[in-house]
Amino acid sequence: MAWMTYISNWFEQDDWYEGLQRANMSQVRQVGLLAAGCQPWNKDVCAASGDRFAYCATLAIYIYQLDHRYNEFKLRAIMSEHKKTITAISWCPHNPDVFASGSTDNLVIIWNVAEQKVVAKLDNTKGMPASLSWCWNAGDAVAFVSHRGPLFIWTVSGPESGVTVHKEAHGFLSDISVFRWHTQKKGKVVFGHIDGSLSIFQPGNKSQKHVLRPESLEGTDEEDPVTALEWDPLSTDYLLVANMHFGIRLLDSESLYCITTFNFPSAAASVQCLAWVPSAPGMFVTGVSSQSPTKNHYMSSTSEAGSPPTLTQNQAFSLPPGHAVCCFLDGGVGLYDLEAKKWDFLRDLGHVETIFDCKFKPDDPNLLATASFDGTIKVWDINTLTAVYTSPGNEGVIYSLSWAPGDLNCIAGATSRNGAFIWDVKKGKMVQRFNEHGKNGIFRVAWSHKDSKRIATCSGDGFCIIRTIDGKVLHKYKHPAAVFGCDWSQNNKDMIATGCEDKNVRVYYMATSSDQPLKVFSGHTAKVFHVKWSPLSEGILCSGSDDGSVRIWDYTQDACINILSGHTAPVRGLMWNTEIPYLLISGSWDYTIKVWDTREGTCLDTVYDHGADVYGLTCHPSRPFTMASCSRDSTVRLWSLTPLITPLQINILADRSWEEIIGNTDHAIAQGTPPLLCGKVSRDIKHEIEKLTGNPRAKKLRWFSECLSPPGGSDNLWNLVAVIRGQDDSLLPQNYCKGIMHLKHLIKFRTSEAQELTTVKMSKFGGGIGVPTKEERLKEAADIHLRLGQIQRYCELMVELGEWDKALSVAPGVSVKYWKKLMQRRADQLIQEDKDDVVPYCIAIGDVKKLANFFMSRGQLKEALLIAQAACEGNIQTLHVSTPKGSSYSDDIYKEDFNELLHKVSEELAEWYFQDGRAVLAACCQLAVDNTELAMAYLIRGNELELAVCVGTVLGDAAAPATHYALELLARKCMMTPTCFPSVGYRNLAADLLLMIPDNELQLVKLCAFYPGCTEEINDLHEKCKLPTVEECMQLAETAQADGNIFETVKYYLLSQEPEKALPIGIDYIKEYITSSNWTLDTIYPVLDLLSYIRTEILVLHTCTKARNELLILCGYIGALLAIRRQYQSIVPALYEYTSQLLKHRVVSVPLKIEHLSEELDAWRACTQSVSRSSEESAYTPPSESQKMVYATLLERLQQEPLGGIVGPDYVTGSSLPSHSDIHVSCLTGLKIQGPVFFLEDGKSTISLNDALMWAKVNPFSPLGTGIRLNPF
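Read left to right, the sequence shown gives residues 257 to 1529 (the numbering used here).
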């Protein structure tokens, strides 16, 4: 096992508790990612290899991989080492995990995708690598070339490593636009030039420079750049060449002769890229751009002239088997299936450059606007993460944007050279321009939210200008240098603050006519870039500067009240939280986002996930703990800050008084006050709740839960809860029908939107049905049969000819039964061909199961759901095969059958969401079919514990067992929160949560046993939990011991002054039990679980060393068994290995043998891999008889998991999002961690948060064998 090398030294030392940190994880969770688009500036910017494809934004490379289970492409990694524009990428032809990329700062990098790391780097290349490509003739050599040559060849490793220059390829007369190595002939290479000519080099032949210009150019100086080159895979010398204006030629590279020329349907078209289709010899695909006066159309035409899909502006592409990867000039990326003629993956629009600013729309927070270096503003729907609107573009660089207040639906933008503008989003046009700054760059635009007629801009010309929206200038405030930031006060509509290059912050008051500032704050040691007024504390503002610090100023005291230092580069983004007055977030050029507590000036958390400078930060208006950030890595990311205010969430769950939830700002910013909500959102909720009659608990939980959780399904979940509780349909919100709907509404809503009832995704470009063959004799024969009235014979012949439609149209003439049989045959054939056209056939004959399974096999789960639901409601006439007449029961049986199908499809869809790291939506799918138990299980497995408790409490009895389990885990989170643990606050929170569970004595015992403190404090807690005092427990323990009641003895000793007495008693009992042959997990687990709650400081004492080691080993082994029972596949081997290592290195006497453990592990592997392995993997060996027996004994010991539904691995929100931060390797599996990371107590070792959650649920102690408890909840 790889991980043991990291930490084996822990297992050898026994007592080293001193100097240990606590295990921790990032508090801020990444919950969403908007990927960048593909850049339009260079040629080879997208490439494919096997089941992966990659494309380049300007500074990062995005890699997508096919998820075979759901047949869809998912973002796997973002590679961003390049600091300047990436010019080209190329996959290694003989190693599918490796590719190379080059960028304009003379850098070439070799990447390994599987390990997500840089394998090799070549700095300061002799020229800028304008295009690059792997050499086909050498093991690992990459060739790259600058505009005029020469061609450099970099051998990456081996004895020959280093850079060599190609002997002949240099001294060109025209810039190189593209080059290609020959795949078969060693060392043969062709270059295409800007002037339209080619240069061909081949070892042993005379080199040909600048030959074969298109005939129309001969003897002129006109240029016609070569846009694409490809060698013909079938013949060694043929070459396909595309020139921008001349079209495509097929050339013979030996005789330098043009074999044929392909012409375009319109003269305006120009080819941008082309590729041979590997699966169809002699066929190639091109990406074309044709400028017509109205719109840019791009056709993809094949040499056999199939029907061309019209795309917008095709830029570049590459062909994995049977597919073409296309990039469009507007930043979109698509994967086109050539055979089925449909898009398998299509991502519209995306920014291709740095995003400088992002803002949520104030009155519709589902919309987020972004402003970018690429000259556009795009508006995104954050629930679906797709672009809804994009501005006309061509604005140069857009530095800043500001939404109009209220429902005006306009955005103001600030540009680098075209002044400022107002864009009407719905109409899609610019409605106003402001040019007072001339050609100077405008760095910030701010629309006043207290007075919607005023807009401020600040510029490099040293002016901050305030004008009305129709362009009348109200104030011009002159500064000694460029002004970078301005912000309107949230409390006084006439106050504005500015940040200037002269290192000062100024405050102006507009109600006077003076153009002098009211206040000037100095203290920064470099230019001030941004200023922000606090929304909650009047007169407080912050400023971020190039000196790397953030300063907090108090306008009323004329002073700097705090300096936040920690960033190592200039600060750019700034954002105050709108509910917690002291929470400030900053983003910087050091690639991090920091969260600050401005009371003490401490940094609460640092987020490393962006791969480049962080520019804009914005807070969600109705979900104050959701924020978005944007960066030079061209992504927008969504974050949840809720983990920073855990105690507050638990106060709400535990139904504490309003004083502990909502406060006023002055009280909230006092040192040491636990977090309190002070903003508008929480005040509105309180106001609404106080208006309600009856018990407001359910509403209170719902409204606070929606305010605290990130978008992405929580409101959908609550709508379903309301439906299940019998709420009137008329009260459902409008957007309900856009999400996951309850069964009983699915068809109703879908039918009402008739245009959506196209249950079928008919592919955009239709697909020909069966290729007609022209065998005249068969046709003649068929016609004769028809005239003779032999319809069936005619149908069969027509089928043979592939003319299904003719056959099916006359088949009812034979009999309806024959027609149905024929329809079924056609459907089967289409399913085999994987064609969308199968749908009408299946629906016509009512073969619902076949259709649902077809959709499920293709990963189209939402379609399958709709079909199954329609069948359940009896909308599809189902196939009643030979039911005797008059039998009345058949309908109910069918209904049953379809209900089962419906549940099956819902489960598949839920699992798809869950695997995608969207546990809340997975829970929605289960609630939609009234499956409360599984819905709750998904929330718990996704670690959405607070949400699970809220929903469970509202749903009542059906969800009770799961709610209690979630409460127990939350109480563990509180017990273990070490930041302020012996603080009474957390202890009481944990007790309050446990007191909400009906049969809670045992849970309360664990809390009291674990709680450190003086006797007096402990007795207080005992009293609150209705347990006897410490002294009484001692006597009870002695009595129980005399009566031989082990469980009670252990329990009361743990609660007494001498808890260590419980260890030997409990451990000996378990050891004795394990030696018997027929022990089961449930007989010993309760005692072991109780023992594990002994106080940490007692467990790590020298005197307890032996007992501690034995406890750790037993917990490890029993943990492994529990993990098998719960199907936590990923950690079972690690738990066995952990137990074996402890047995090997520690002095213990436990009736477990290492050989026995490895035998059990092998048996488990052999017997479970047969289930999980796919049939393609040939390495599968069936388990031997002895292994089957070992596994059978194991299963007898395990019995059933008492809490249904929570079986299966945990998968938290954001698990599938790639992070840019340092690649961490898990010390459990030795693999790199995808998704959130959890640091163990040594501060270095890491495991994935998912593994940490599963580990803690089955074995409370850390994998480092230290006896410290793990708390990842």
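Just so you know, even glycine gets a beta-carbon here, dropped at the ideal spot from N, CA and C.
Secondary structure of residue i, DSSP reduced to three states
i	result
Y1373	helix
V1185	coil
C391	coil
Y847	coil
N1199	coil
I1087	helix
T1015	Note that T1015 scores 28 on pLDDT, short of 50, meaning its location in the model is unreliable and no value can be drawn from it.
S1162	helix
K250	With the chain covering only 257 through 1529, there is no way to say anything about residue 250.
Q1443	helix
E478	coil
H449	strand
T1424	helix
D771	coil
G1208	helix
W959	helix
Y218	Past the edges of the chain, shown from 257 to 1529, lies residue 218, and the structure says nothing about it.
Cβ neighbours of residue i in the same chain (closer than 6 Å, five flanking residues each side left out)
i	result
W789	D743, S745, Q746 and L797
Y838	D853, T854, R855 and I925
V1055	A1063
S1482	I1489, I1503 and S1504
K695	R673
L276	In this prediction, L276 has a pLDDT of 42, which is less than 50 and means its spatial position is unreliable; what the coordinates show is noted afterwards. Closer than 6 Å at Cβ, skipping near neighbours: E1497.
Terminal residues of the beta strand (DSSP E) in which residue i lies
i	result
E1279	E1279 -> not in any beta strand (DSSP E); alpha helix (DSSP H) instead, spanning T1271 to K1280.
C614	I611 to F616
H466	Q464 to V467
D1345	Looking at the DSSP string, D1345 is not in any beta strand (DSSP E); the run it does join, the alpha helix (DSSP H), is L1337 to L1347.
T671	C666 to T671
Y992	Run containing Y992: none; DSSP gives neither H nor E here.
Q1456	Careful: Q1456 lies outside any beta strand (DSSP E) and carries neither H nor E.
Limits of the unbroken alpha helix (DSSP H) element including residue i
i	result
F1266	E1257 to F1266
K1118	L1117 to C1128
N972	S970 to I980
M1510	L1505 to V1514
C-alpha distance - residue i paired with residue j, whole-angstrom precision
i	j	result
R1049	K1076	16 Å
G358	L388	7 Å
H866	S887	7 Å
C666	T610	23 Å
W895	V284	7 Å
H1159	P826	54 Å
V668	C720	Sequence check: residue 668 is Ala here, not Val. Rounded to the nearest angstrom, the two C-alpha atoms are 16 Å apart.
T341	E1200	40 Å
A954	G1212	10 Å
Reference residue i, options the options, closest by Cα
i	options	result
C875	I817, A643 and G935	G935
P1465	F1154, P415, I1380 and L1450	I1380
D758	C993, G590, S801 and V1176	S801
R1351	L1454, K955, D1345 and F1266	F1266
L1195	I1101, T1469, W1420 and S938	T1469
Cut-off 8 Å between Cβ atoms - residues of its own chain near residue i, not counting five sequence neighbours on either side
i	result
S1518	A279, L1496, E1497, I1524, R1525 and L1526
Neighbourhood of residue i by C-beta distance below 7 Å, restricted to the same chain and skipping five residues each side
i	result
S1533	Because the chain in this structure spans residues 257 to 1529, residue 1533 falls outside the shown range and cannot be described.
K1105	L1157
P773	R762, V763 and Y764
T1336	R1453 and Q1455
Near the ligand SAM: residue i beta-carbon under 6 Å from a heavy atom
i	result
C1051	Looking at this structure, you won't find the ligand SAM or any other ligand, since it has none at all.
Chain D contact for residue i (CB, 7 Å cutoff)
i	result
C312	Here there is only one protein chain, and chain D is not present.
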